[in-house]
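Number of protein chains: 2
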Amino acid sequence: MIAGIELGGSKTVVAIGTAEGQVHEEWRFPTSSPAETFQQAISWIAERGTPESIGIAAFGPVGVVRGRDSYGKLLATPKPGWADFSIIGTLQAAFPQARLTLETDVNAAALAEARLGAARGLDDIAYITIGTGIGAGILSGGRLIHGALHSEFGHIKVPRAPKDSFEGVCSFHGDCLEGLASGPSIAKRWGLAAADLPADHPAWAMETWYIAHGILSLLGIASPSRVIVGGGVSQAENFHQHTEQLLHSIAAGYFAPLEATPYVVAPLLGQQAGIKGALLLAGI
Amino acid sequence: MIAGIELGGSKTVVAIGTAEGQVHEEWRFPTSSPAETFQQAISWIAERGTPESIGIAAFGPVGVVRGRDSYGKLLATPKPGWADFSIIGTLQAAFPQARLTLETDVNAAALAEARLGAARGLDDIAYITIGTGIGAGILSGGRLIHGALHSEFGHIKVPRAPKDSFEGVCSFHGDCLEGLASGPSIAKRWGLAAADLPADHPAWAMETWYIAHGILSLLGIASPSRVIVGGGVSQAENFHQHTEQLLHSIAAGYFAPLEATPYVVAPLLGQQAGIKGALLLAGI
């Protein structure tokens, strides 16, 4: 039996399915304390059988590099009670025979979109989410990459949009990408949630500026052949087209991967990306 | 027999050695036309035996993804006569039995520094060079990554240094990282070559600003556990220490990989990095 777990900051999803990402049965429930959340996930899975492999997609920062002391643990998360909790230790104790594979939630979503969604068949892609925070997952040469920790894409810095003097909302950096372009940043700068801003509001030109510059950094470093942008903020009208137009303008014909259009696209798997990614992780 | 070729814009190096990067014999000569340069390299190698494997480290842009139409070819390089020249086609015709492995010059240097130099034993590193241009090679999880093309690190954008209104020298982007922080950029902005600027010149605070912000982008996207900075501009007094200090300041305690110090270091292999990297490529 193949199982998947998507651990989110507010909701958790468990599923039984195939290593190709097909969900046979799933359950969504609110994330509570680590002990309670994992007890619920483990019981639900155990009632359905003994998993041979479990893929886990988790919020971060989380140790995803096998062999390091930090492997399997939530790191310095501000979420109360979760820092140092061992996801892998807890699951391995419950399912000693199971093969466990842990990745960040955005890497799992990147994998799902590359195998089954908006980047189907591509080996080099990035998946960006713009919501409460900003994150990115990266598949390079058909493999998820994470380096020594994993991407912290939201905390890079990009040039200021013209006339933007907003101080930013990131509690660490103020005006990093997340500080200037996340949902809370938009809400604080304009006094309205992204979902309530009309399509012709100047907020959107500024938002596409920041996201296009963030994608330029991804392009210059990881060289994806397509970038999928999801998350609540990306659901604004024509968001992907406008971001791609600006990206072409600032890239000035230089980057060969940009010649494949459309380059900036919406996800196809929606809310299913994380849990499908978790099942796919169980198969790699 | 194992051979390596380092194809640079102005000089080419050929070597016979081991797949562990040991050079038995090498020859350096000026890069001329593609036909002449490769004829010289091929003759020199053929006089010494029949190579079973050849690693090639080339300037870019160059197609390094096996299976693509562009594999093995120089792409839209401004270097006269080189665009569309097939490195792999030319070498395979001369040595039909040889296994050929092609990478960018900076990826080859990253591999050499990770196996034999300043990042020995590390699996997740970046190698940056700052000279006529700015480039980066990335090793992630022990593998060189290149995505759909390869890194074009010099052409990302970062925030302007305080009070810097210089328009930049990049012919595509003006004020991309390379446009604001390469050797030609320093020379044009200050009227003096980097090598002639005294250690207390304000140019250096500005230079470390740009390089530290570039490294922050690498850190947020590829998460290396160490960054090696080479190239002529990096040879200024205390350049690595000052860049690391500023990087810590802008990172504000957020990035776990930065806790491993020193984080920003000089290369150890100097001029040998490229050719040793080419030999190592022959072994992977």
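Quick note, the sequences are listed as chains A and B, same order.
The first sequence lines up with residues 1 to 284 when you count with the numbering used here.
The second sequence lines up with residues 1001 to 1284 when you count with the numbering used here.
Beta carbons are placed, not taken as given, at the ideal position from N, Cα and C, and that holds for glycine.
8 Å contact criterion, which residue i and residue j should meet: CB distance rounded
i               : j               : result
A1301 (chain B) : I1125 (chain B) : For residue 1301 (chain B) there is no data in the structure shown, the boundaries of chain B being 1001 and 1284.
S234 (chain A)  : A266 (chain A)  : 7 Å
G137 (chain A)  : A109 (chain A)  : 6 Å
L1149 (chain B) : P257 (chain A)  : 5 Å
A1282 (chain B) : S1053 (chain B) : 4 Å
L102 (chain A)  : L144 (chain A)  : 11 Å between Cβ atoms; not a contact.
S151 (chain A)  : G135 (chain A)  : 7 Å
I56 (chain A)   : L7 (chain A)    : 7 Å
Identity of the residue in the options nearest residue i by Cα
i               : options                            : result
S185 (chain A)  : A:E167, A:L216, A:F172             : A:E167
E62 (chain A)   : A:H146, A:D175, A:R226, A:K188     : Before going on, a small fix: residue 62 (chain A) reads as Val here, not Glu. It is A:H146.
G1009 (chain B) : B:Y1263, B:P1078, B:F1095          : B:P1078
L1279 (chain B) : B:L1007, B:S1223, B:I1016          : B:I1016
R1028 (chain B) : B:K1011, B:A1019, B:E1036          : B:K1011
A205 (chain A)  : A:L7, A:S33, A:L246                : A:L246
K1073 (chain B) : B:V1227, B:I1087, B:R1066, B:V1023 : B:I1087
G1270 (chain B) : B:F1172, B:V1106, B:A1098          : B:V1106
G183 (chain A)  : A:S140, A:G230, A:A252             : A:G230
L252 (chain A)  : A:G220, A:G277, A:I275, A:G283     : The sequence as given places Ala at residue 252 (chain A); Leu does not occur at that position. Minimum Cα distance to A252 (chain A) is reached at A:G220.
T37 (chain A)   : A:G283, A:A58, A:A110, A:E52       : A:A58
D164 (chain A)  : A:A273, A:R189, A:H201, A:S140     : A:R189
G214 (chain A)  : A:Q241, A:L180, A:A203             : A:L180
G1019 (chain B) : B:L1100, B:V1065, B:A1076, B:S1070 : It should be noted that the sequence gives Ala, not Gly, for residue 1019 (chain B). Of the listed residues, the one whose Cα sits closest to A1019 (chain B) is B:L1100.
F255 (chain A)  : A:A273, A:L218, A:G232             : A:L218
V65 (chain A)   : B:S1140, B:Q1097, B:E1178          : B:S1140
R120 (chain A)  : A:H242, A:I228, A:I284, A:G81      : A:I228
I1211 (chain B) : B:V1264, B:S1223, B:H1201, B:L1197 : B:V1264
G232 (chain A)  : A:W209, A:H242, A:D196, A:A260     : A:D196
G81 (chain A)   : A:L216, A:H201, A:A35              : A:A35
P1202 (chain B) : B:A1273, B:A1118, B:Q1097, B:P1162 : B:P1162
A273 (chain A)  : A:G191, A:A118, A:I284             : A:A118
I1250 (chain B) : B:L1216, B:S1070, B:P1096          : B:L1216
F1085 (chain B) : B:M1001, B:A1098, B:S1070          : B:S1070
I5 (chain A)    : A:H240, A:G191, A:T104             : A:T104
Own chain, CB closer than 8 Å to residue i, minus 5 neighbours either side, in chain order
i               : result
A199 (chain A)  : A236, E237, N238
D1175 (chain B) : K1157, R1160, F1166, E1167, G1168
F1172 (chain B) : H1155
P30 (chain A)   : S10, K11, T12
A1076 (chain B) : P1061, A1083
H1024 (chain B) : A1015, I1016, G1017, T1018
A260 (chain A)  : S225, R226
Q1097 (chain B) : T1050, E1052
H1240 (chain B) : V1229, S1234, P1262, V1264, V1265, A1266
S1033 (chain B) : G1081
Same chain, Cβ closer than 7 Å to residue i, five either side skipped, listed in chain order
i               : result
L1116 (chain B) : G1021, L1269, K1276
E1026 (chain B) : V1013, V1014, A1015, I1275
H1248 (chain B) : L1258
P288 (chain A)  : The shown model of chain A, from 1 to 284, leaves out residue 288 (chain A), and the question about it has no answer.
S1223 (chain B) : D1124, P1257
Q40 (chain A)   : F29
Contacting residues, own chain, Cβ-Cβ under 6 Å from residue i (five flanking each side not counted)
i               : result
A1187 (chain B) : A1193
A1003 (chain B) : I1016, I1045, P1051, I1054
A94 (chain A)   : I42
C1170 (chain B) : C1176, E1178, G1179
T90 (chain A)   : F38
I128 (chain A)  : A136, V229
R48 (chain A)   : I16
H242 (chain A)  : T208
Proximity test, residue i beta-carbon vs the ligand MG heavy atom, cut-off 6 Å
i               : result
Q1271 (chain B) : In terms of ligand content, the structure shown is empty, and the ligand MG therefore cannot be addressed.
Requested in this report: Select from the stretch 241–259 of chain A all residues with a C-beta closer than 9 Å to any C-beta belonging to chain B, and list them in chain order.
Outcome: I250, A251, A252, G253, Y254, F255, A256, P257
Query raised in the report: Which parts of the stretch 1192–1257 of chain B are runs of the beta strand (DSSP E), unbroken and 3 residues or longer, counting only runs that do not cross its ends?
Result: Counting whole runs of 3 or more residues, the stretch 1192–1257 of chain B contains the beta strand (DSSP E) stretches 1226–1230.
**Report entry** Length-filtered (3 minimum) beta strand (DSSP E) runs lying within the stretch 137–199 of chain A
**Finding:** none
Query raised in the report: Which residues, in chain order, does the stretch 1203–1233 of chain B contribute to contact with chain A at a C-beta distance below 7 Å?
Result: H1213, L1216, S1217, L1218, G1220, I1221, A1222, S1223, P1224, S1225
**Report entry** Interfacial residues, the stretch 1156–1180 of chain B to chain A, with Cβ spacing under 7 Å
**Finding:** I1156, K1157, V1158, P1159, R1160, F1172, H1173
Query - Proximal residues, the stretch 1104–1128 of chain B versus chain A, C-beta separation under 7 Å - result: D1124
Query raised in the report: For the stretch 38–71 of chain A, which residues have a beta carbon sitting closer than 7 Å to at least one beta carbon of chain B?
Result: P61
Query raised in the report: Listed from N- to C-terminal order along the chain, which residues in the stretch 1073–1087 of chain B have their beta-carbon within a distance smaller than 9 Å of any beta-carbon of chain A?
Result: Contacts with chain A (Cβ-Cβ distance below 9 Å) from the stretch 1073–1087 of chain B involve L1075, A1076, listed in chain order.
Requested in this report: Report the residues of the stretch 1258–1283 of chain B with a CB closer than 7 Å to any CB of chain A, ordered along the chain.
Outcome: none
Requested in this report: Anything in the stretch 1137–1156 of chain B with a Cβ closer than 8 Å to a Cβ of chain A? List those residues in chain order, please.
Outcome: I1138, S1140, G1141, R1143, I1145, H1146, G1147, A1148, L1149, H1150, S1151, E1152, F1153, G1154, H1155, I1156
Query raised in the report: Mind pulling the alpha helix (DSSP H) runs of 4 or more residues that sit fully within the stretch 1091–1127 of chain B?
Result: Segments of the alpha helix (DSSP H) lying fully in the stretch 1091–1127 of chain B: 1105–1116.
**Report entry** Segments of 3+ residues assigned as beta strand (DSSP E) that fall wholly inside the stretch 26–68 of chain A
**Finding:** 53–58
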